[in-house]
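*Asks:* Numbering (the numbering used here), first residue to last: -12 to 54.
Pasting the structure below:
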């Protein structure tokens, strides 16, 4: 198993990106064109996550936002 990154390493790698750290989670919010686009996006993320055997929390909220 790989070693975990330190807090400083995580902060450094997130610097200058749209990703943020909230506690032990790394999160990002997307605002899409409409509800259908948000659903399509969630499904694409879900397919990639399944292939990688990684299952992140995904939240579709409002009518066009994904976190």
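We put the CB at the ideal spot given by N, CA and C, even for glycine. All of these numbers come straight from a predicted model, not from anything done at the bench.
#1: With DSSP collapsed to three states, give me the class of residue 9.
#2: If the criterion is Cβ atoms closer than 8 Å, does the pair residue 1 and residue 8 meet it?
#3: Three-state secondary structure (DSSP) at residue 47?
#4: Taking the straight line between their C-alpha atoms, what separation do you get for residue 47 and residue -1?
*Replies:* In terms of the structure at hand:
#1: Position 22 of the chain shown holds residue 9. Assigned with DSSP and collapsed to three states, residue 9 falls in strand.
#2: Taking the chain shown and counting its residues from 1, one reaches residue 1 at position 14. Taking the chain shown and counting its residues from 1, one reaches residue 8 at position 21. Less than 8 Å divides the Cβ of residue 1 from the Cβ of residue 8.
#3: The residue given as residue 47 occupies position 60 in the chain shown. Residue 47: strand per DSSP, three-state reduction.
#4: Along the chain shown, read from residue 1 onward, the residue named residue 47 stands at position 60. Along the chain shown, read from residue 1 onward, the residue named residue -1 stands at position 12. Roughly 28 Å between the two C-alpha positions.
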